[in-house]
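J.: Numbering (my numbering), first residue to last: 6 to 177. All C-beta atoms in this analysis are idealised placements derived from N, C-alpha and C, irrespective of residue type, glycine included.
#1: Quick one: grab the DSSP three-state call for residue 134.
#2: Could you check how far apart the C-beta atoms of residue 53 and residue 126 are, in whole angstroms? I think they sit under 8 angstroms.
#3: DSSP puts residue 146 in a beta bridge; with which residues?
#4: Expressed to the nearest angstrom, what Euclidean distance is found between the alpha-carbon atoms of residue 160 and residue 51?
#5: Determine the extent of the alpha helix (DSSP H) in which residue 168 is found, giving its start and end residues.
#6: Could you tell me the alpha carbon to alpha carbon distance between residue 97 and residue 163, rounded to whole angstroms?
#7: Going by C-alpha to C-alpha distance, which of 74, 42, 146, 79 sits closest to residue 95?
#8: How big is the Cα-Cα spacing for residue 171 and residue 40?
#9: Specify, as a first and last residue, the run of the beta strand (DSSP E) that residue 35 falls within.
#10: Quick check on this structure: which residue in 75, 87, 24, 30 has the alpha carbon closest to the alpha carbon of residue 184?
#11: Kindly list the residues whose CB is nearer than 6 angstroms to the CB of residue 110, restricted to its own chain and excluding five residues on each side of it in sequence; keep chain order.
#12: Curious, which full-length alpha helix (DSSP H) runs of at least 4 residues does the region 65-137 contain?
#13: If you draw a straight line from the alpha carbon of residue 34 to that of residue 149, how long is it in whole angstroms?
#14: What is the rounded straight-line gap between the Cα of residue 19 and the Cα of residue 73?
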């Protein structure tokens, strides 16, 4: 059971040096108990929303310096990402993603296979809104992203082309 005490070891805010030392120790432990062909490179980034990423072909785990500020968060996220590499090493492309091989690897590592973290982050909303209008029927579409430049996009219902009419950026 997690403590509500902000000074308990699991709730204490970690320094970058402590984050790195913890992941180095975790890596040694999982490579001993659940080996994969090559130890992954651990890279700490300033990710704002993603707690971590596993890059299969690069054999790399990227972790967020901003979000993973306690021992529990670092441990859980590191093991989540390592489970991706473990499943990929065992099953190839079939092990990619959050399917059965990954879920099995998570359970083997002693974790409940949760796909998304529930940590508080600085920004979890769209940074912009894009407005398109159908040239044929006039229906408006609001999106979080533009369609790729140079691509003609048709309205599925009427077949008319969509035209970009506005872009509204939110202050960050």
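T.: With the given structure in hand:
#1: strand
#2: Distance from residue 53 to residue 126 at the Cβ level is roughly 6 angstroms; contact confirmed, criterion being Cβ atoms closer than 8 angstroms.
#3: 137
#4: Rounded to the nearest whole angstrom, the C-alpha separation of residue 160 and residue 51 is 38 angstroms.
#5: Where residue 168 is concerned, there is no enclosing alpha helix (DSSP H), although the beta strand (DSSP E) it sits in stretches over 167-174.
#6: 42 angstroms
#7: 42
#8: 51 angstroms
#9: Run containing residue 35: none in the beta strand (DSSP E); it sits in the alpha helix (DSSP H), 21-38.
#10: Nothing can be reported for residue 184, as the shown portion of the chain is limited to 6 through 177.
#11: Taking residue 110 as the centre and dropping the five residues before and after it, the same chain places the C-beta of 88, 91, 92 closer than 6 angstroms to its C-beta, in chain order.
#12: 76-96, 105-113
#13: 41 angstroms
#14: Taking the straight line from one Cα to the other gives about 8 angstroms.
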